[in-house]
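Enquirer: Below is the structure I would like to discuss, written out as structure tokens.
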Amino acid sequence: MGGIICVDKRKSLRYLPPVLNFAKAYAIIAANGIKKKIKEIKPTLPPDTTLEVSFDRSNYIKAAIYEVYKTLVIALILVTIIIYLFLGNIRALIVPLIALPVSLISTFLSIYIFGFSINLFTLMALVLAIGIVVDGLKI
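Residue numbers 138 to 276, in our numbering, belong to the letters of the sequence shown in order.
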């Protein structure tokens with residue numbers, strides 16, 4: 138989250154410092170908590186005063202998570218179609234339909250066990266890993 142700027146009718150600005158994520162804090166949870174708190178505070182503000190979030194990093198993270206889901210679905214559909222078209226055998230589809238979810242579950246399990254957080258770098262690595270698994274399944 139970025140800083141919070143308060144503006145009243147006289148165009149005076151008050152800037153509240155940004156909320157920083159600490160090692161164990163999650164950006165989306167922190168952003169939702171701050172937005173909820175702003176809704177609670179707004180009725181107590183003087184008239185003609187607004188309270189807004191100036192920058193919200195959680196929007197980018199939500200978009201990145203959506204893109205990972207989209208990449209996964211597209212990869213699974215393409216692999217299924219390509220394997221069926223070239224091999225013409227439904228039994229050959231069982232391997233990629235099992236291997237891709239198993240690899241993703243093991244990836245998230247490893248992330249959890251080693252205490253990593255899911256951030257933009259992790260999501261980028263996950264998309265690359267999906268590509269590697271899909272490329273390996275086509276053989």
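We treat Cβ as the ideally placed atom computed from N, Cα and C, and that holds for glycine.
With 8 angstroms as the threshold, decide whether the Cβ of K207 is near any Cβ in chain C.
Expert: This model lacks chain C altogether; it includes just one protein chain.
Enquirer: Less than 8 angstroms separating the beta-carbons of V271 and V216?
Expert: For V271 and V216, yes; Cβs fall inside 8 angstroms.
Enquirer: Use the C-beta contact count for I242: other C-beta atoms within 10 angstroms, 16 or more gives buried, fewer gives exposed.
Expert: Flag for I242 reads exposed.
Enquirer: With a cut-off of 8 angstroms, do at least 3 Cβ pairs link the stretch 179-195 to the stretch 205-215?
Expert: No, the stretch 179-195 is not in contact with the stretch 205-215.
Enquirer: Which ranges would you report for the alpha helix (DSSP H) in the stretch 161-234 if only whole runs of at least 4 residues count?
Expert: Whole alpha helix (DSSP H) segments, 4+ residues: 164-178, 195-224.
Enquirer: Which of the three DSSP states, helix, strand or coil, is assigned to G252?
Expert: Coil, per DSSP.
Enquirer: Express the C-alpha separation of L230 and D193 in angstroms, rounding to a whole number.
Expert: Rounded to whole angstroms, D193 to L230 spans 42 angstroms at the Cα level.
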